[in-house]
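Below is one structure, written out as structure tokens; the observations come after it.
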Amino acid sequence: MSPSPASLRGIFVRALGLALLLSSRAVADNQAIDWLDRVTHDVQREEGPLSTRSVDVHVYGGVYAYYTDNLYLAPNRHADGDSAGMAFGRATIDYAGTELELSADVMASFDYYMEHHEAREDEERAYGKVRWTNTVFDLQVAAIARREYDVLDAVFTRRARRIITDTFPRASVKIPDLPKVEAFAQIETVRYEGDDLDGQENESYRGGLSVLADVTQRFGVGADVGLLYIRYREHELTPNARGWFARGIARGELTERLLVEAALGWTLIHGSKEEFGDDKAERYQTMDAEFHVRYEATETLALSADYSRRFGFAGFGNTFETIDRAVVMAEWQVMEKLKLRARGQYNHVEPSESNACSYWSGFLGATFQVFENLALDAGVTYRGGNTRKITGDGWDNWNGYVGAVVSF
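Each residue of the sequence shown is one higher than the one before, starting from 56 at the first, in the numbering used here.
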């Protein structure tokens, strides 16, 4: 279900850092993680002339048996496990002409727990991209919508149903013998089902301009600068935040098998407290950084590593939070029909007012292709989290699954 190692040659890491922006949630469902990785890679695909292809449609479906030892992610002394059955369906469509490219990917899943019936979940995700390009201009809009039931970003200790949308417009101009100029943006909305989390609902905006000059045919250096803005639904509780960032960037292929991006600079954010009768603004500045590496070690082994540090939304009195995130992934095609996957993640979050918190996870999985249209899938995940200075708040969670997937 994940991109093959060979396909990584066609993935070019964007300065926007989409992989880190979208995957910063602690998603328990490994199908959801795989889905996010797939659509992220599609947005990140290298610019340039399109590879013409006719309409290509695929349909997938599967069933899984699943067990978790900490269903509600409670402190360990209160942990309660359960087993569940999960079913999912997915459909994709792709098309590319000489100047126009269209992609769509939708997935829905349903979990039913054997003992805690009230914990049953249904989740839906959709992705779409439209791109128009010629020898000078490249215009693209990508959008991702997710209805999920998961732990919260700022706390990592509570599950909640939420609806998240991300929109990524981009426009670039490349005139021969001149640097490429690009305008980019991300617009994100976060909504929760239920009134008790209204204080965290928000819209976030991050956008700017970049200039990139070619050092070689496949590697460039340059800089980007932009603005960010976070608007909370209940801004009388949490002040809105605004700021800016400026970075030097380098990205491209160092070798045929090694793709890298490095972006390093500075960012400042401030939240106005005028709503509370305080004319002063809460200001904070820090390093803005992201590093991405994709390495195809052999024809059958692909490795990747990502790190980012930037501001994000918080809520409930915290104007913003500083998020450090690191992810490593490996995919090994052991034999023609057997693929092994590994993934590790660590997040450290510093809210502007509350205690810091951390989240970590590790995953090992295997897929065996029984027939062309049937695969068996199994995996195990360990994850945990804590909040500093609060005794007994730590939790961890083991979960495992086995299942079968059919494709057409």
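Don't be surprised by glycine CBs; every beta carbon is placed ideally from N, CA and C.
Check	Outcome
Residues near W453 by beta carbon distance below 6 Å, same chain, minus five either side	D124 and Y437
Cβ neighbour criterion (16 or more within 10 Å) applied to F375	buried
Anticipated Cβ contact below 8 Å, E237 with N189, distance rounded	15 Å between Cβ atoms; not a contact.
Beta-carbon gap between D149 and D111 smaller than 9 Å	yes
C-beta atoms of Y204 and R225 nearer than 9 Å	no
Nonlocal neighbours in the same chain, by C-beta distance under 7 Å from G277, ignoring five residues either side	P234, S265, V266, L267, A268 and I304
9 Å Cβ cutoff, A215 in contact with chain B	Absence of chain B from the displayed structure is noted, only one protein chain being present.
Alpha carbon of E179 to alpha carbon of R201, nearest angstrom	6 Å
Backbone secondary structure at V280 - three-state DSSP	strand
Burial state of H113 (16 or more Cβ within 10 Å)	exposed
G144 burial status per 10 Å Cβ neighbour count (16 or more: buried)	exposed
Integer Cβ distance of G367 from R396, believed to fall under 8 Å	The pair is not a contact, with the Cβ atoms about 27 Å apart (cut-off 8 Å).
Simplified DSSP state of E291, which is helix, strand or coil	coil
Cβ pair G464, Y456 closer than 9 Å	Absent from the structure is residue 464, since the part of the chain shown begins at 56 and ends at 463.
Under the three-state DSSP convention, the category R93 falls into	helix
Paired residues, beta bridge with Q86 - DSSP	According to DSSP, which records beta bridges pairwise, Q86 is partnered with nothing at all.
Rounded separation between T322 and T293 - CA only	21 Å
Alpha-carbon to alpha-carbon, V315 and V215	Per the sequence presented here, residue 215 reads as Ala, with Val not at that position. Straight-line Cα distance between these residues: approximately 35 Å.
Cβ pair count under 8 Å reaching 3, the region 247–255 against the region 369–387	yes
Neighbour-count burial assignment, I230, 16 or more Cβ in a 10 Å radius	exposed
E243 burial status per 10 Å Cβ neighbour count (16 or more: buried)	buried
Which listed residue (Q400, R93, D361 and A174) has its alpha carbon closest to that of A317	D361
Candidates D135, E391 and V460, of which the one nearest Y122 by Cα	D135
Range covered by the beta strand (DSSP E) that runs through P406	L393 to P406
F211 versus V228: straight-line alpha-carbon distance, rounded	For F211, the pLDDT reaches just 43, beneath the cut-off of 50, and the residue's location in the model is therefore unreliable, leaving the point undetermined.
Residue nearest to R364 in terms of C-alpha spacing, selected from T377, E354, L356 and A357	T377
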